[in-house]
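Residue numbers (the numbering used here): 6 to 299.
For each residue, glycine too, the CB sits at the ideal point set by N, CA and C.
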């Protein structure tokens, strides 16, 4: 299978796409102007023919961001995965290399798996200590207008960040499938979106600090016990009923000296996750030329 290839390098003081190759069933679109001309970033959109990934499709690409360059890899809409035919599983694979003082931003719209779909993706990132990476990986429960909620058969997403020399900095796998512990819908209940945001490296240090503070404040408000005067006490007055939060988020650090931050989100609506991403990543606009998810 022939792999797509993207190379972004610093040429004459600017981030420049020096190689771009793709082959059916996907292609890359590189707009001449995706944001402010003052920003030094190359925006690349990935699209699939037919508007989605068909059962059995296998998509692979290699991405290289050279020293000092900045690249943004995104999509035009959600990645739709069509229903599975037999045992066929749709697959996506990406191998990315990020150089010194370079930044790779991977900010797709969510994956939406149709009923009975089977989908697997693997994303490997090779970095050096001075590399920076922003990764958003998220999935919705399906086509709500058709009554599909977590109706797909299988979803698996693996993200692996390696320091040059094959030292693992971060390894995460999300796997959703029906099994002996019940259906996906039974386990996730009212939550319709799950997401993971990874921030690593010196160019994202300020955002890392801010997002950790914001998540702490947000969850302390969401999980605060209601007061007795609000009429939420039990008959004995010794316990309280806590409504299920519509939006949950957590933060943790990883890597040497906490150089990376991972944020995990579960939400009852896709819109609230979009709003969260817009708010938390808005400060990247001067660096990227446009704010993510606007």
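Identify, in the order they occur along the chain, each residue of the same chain with its Cβ nearer than 8 Å to the Cβ of residue 298, setting aside the five sequence neighbours on each side. Taking the first residue of the chain shown as position 1, residue 298 is located at position 293. So the qualifying residues of the chain are 112, 279, 282, 283, 286.
Under the DSSP definition of a beta bridge, which residues are partnered with residue 67? One-based indexing of the chain shown puts residue 67 at position 62. Partner(s): 10, 100.
Is it the case that the Cβ atoms of residue 74 and residue 13 are separated by a distance below 8 Å? Walking along the chain shown from the start, residue 74 turns up at place 69. Walking along the chain shown from the start, residue 13 turns up at place 8. Yes, the Cβ-Cβ distance between residue 74 and residue 13 is below 8 Å.
With residue 26 as the anchor, note down where its beta strand (DSSP E) starts and where it stops. In the chain shown, residue 26 corresponds to position 21, counting from 1. For residue 26, the enclosing beta strand (DSSP E) has its first and last residue at 19-26.
Would you mind sorting residue 11 into buried or exposed? The rule is 16 or more other CB atoms within 10 Å of its CB. Your numbering for residue 11 matches position 6 in the chain shown. With 16 or more other Cβ atoms within 10 Å, it is buried.
Identity of the residue in 28, 64, 78 nearest residue 141 by Cα: By 1-based counting over the chain shown, the position of residue 141 is 136. Measuring from the Cα of residue 141, the nearest candidate turns out to be 78.
For the segment 88-172, which segments carrying the beta strand (DSSP E) assignment without a break, of at least 3 residues, lie completely within its bounds, in sequence order? 95-103, 108-112, 116-118, 123-132, 137-145, 159-168, all fully within the segment 88-172.
Sequence ranges, beta strand (DSSP E) only - wholly within the segment 167-215, length at least 3: Secondary structure in the segment 167-215: the beta strand (DSSP E) runs of 3 residues or longer, each lying completely within the stretch, are 172-182, 198-205 in chain order.
Closer than 8 Å, CB to CB, is residue 279 near chain C or not? Absent from the structure is chain C; it holds one protein chain and no more.
Segment limits, alpha helix (DSSP H) that includes residue 277: The residue you call residue 277 lines up with position 272 of the chain shown. Residues 275-286.
Which residue's Cα is closest to the Cα of residue 159: 93, 194, 134? Indexing the chain shown from 1 puts residue 159 at position 154. Per the Cα distances, 93.
Chain-order list of residues whose beta-carbon lies under 7 Å from that of residue 81 (same chain, five-residue window excluded): For the purposes of this step, residue 81 is identified with residue 76 of the chain shown, where counting begins at 1. Apart from the 5 residues on each side of it in sequence, residue 81 sits with its Cβ closer than 7 Å to the Cβ of 50, 52 in its chain, given in chain order.
Nearest-angstrom Cα distance between residue 149 and residue 105? Within the chain shown, residue 149 is the residue found at index 144, counting from 1. Within the chain shown, residue 105 is the residue found at index 100, counting from 1. Annotation: residue 149 to residue 105 spans about 43 Å, alpha carbon to alpha carbon.
Taking residue 253 as part of the beta strand (DSSP E), name the residues at either end of that continuous run. Your numbering for residue 253 matches position 248 in the chain shown. 252-259 is the extent of the beta strand (DSSP E) around residue 253.
Where the beta strand (DSSP E) containing residue 78 begins and where it ends: Taking the chain shown and counting its residues from 1, the one referred to as residue 78 is at position 73. Element bounds for residue 78: 75-80.
Per DSSP, which residues does residue 272 bridge with? Please list them. Reading the chain shown from its first residue, position 267 is the one you call residue 272. Partner(s): 198, 252.
What residues in its chain sit with their C-beta under 6 Å from that of residue 161, if we drop five residues either side in the sequence? The residue given as residue 161 occupies position 156 in the chain shown. Closer than 6 Å at Cβ, skipping near neighbours: 125, 180.
C-beta contact flag for residue 107 and residue 67 at 8 Å: Position 102 of the chain shown, counting from 1, holds the residue named residue 107. Position 62 of the chain shown, counting from 1, holds the residue named residue 67. Going by C-beta atoms, residue 107 is not nearer than 8 Å to residue 67.
Looking at C-beta atoms only, is the number of pairs between the segment 288-296 and the segment 256-267 that lie closer than 8 Å three or more? Touching, no.
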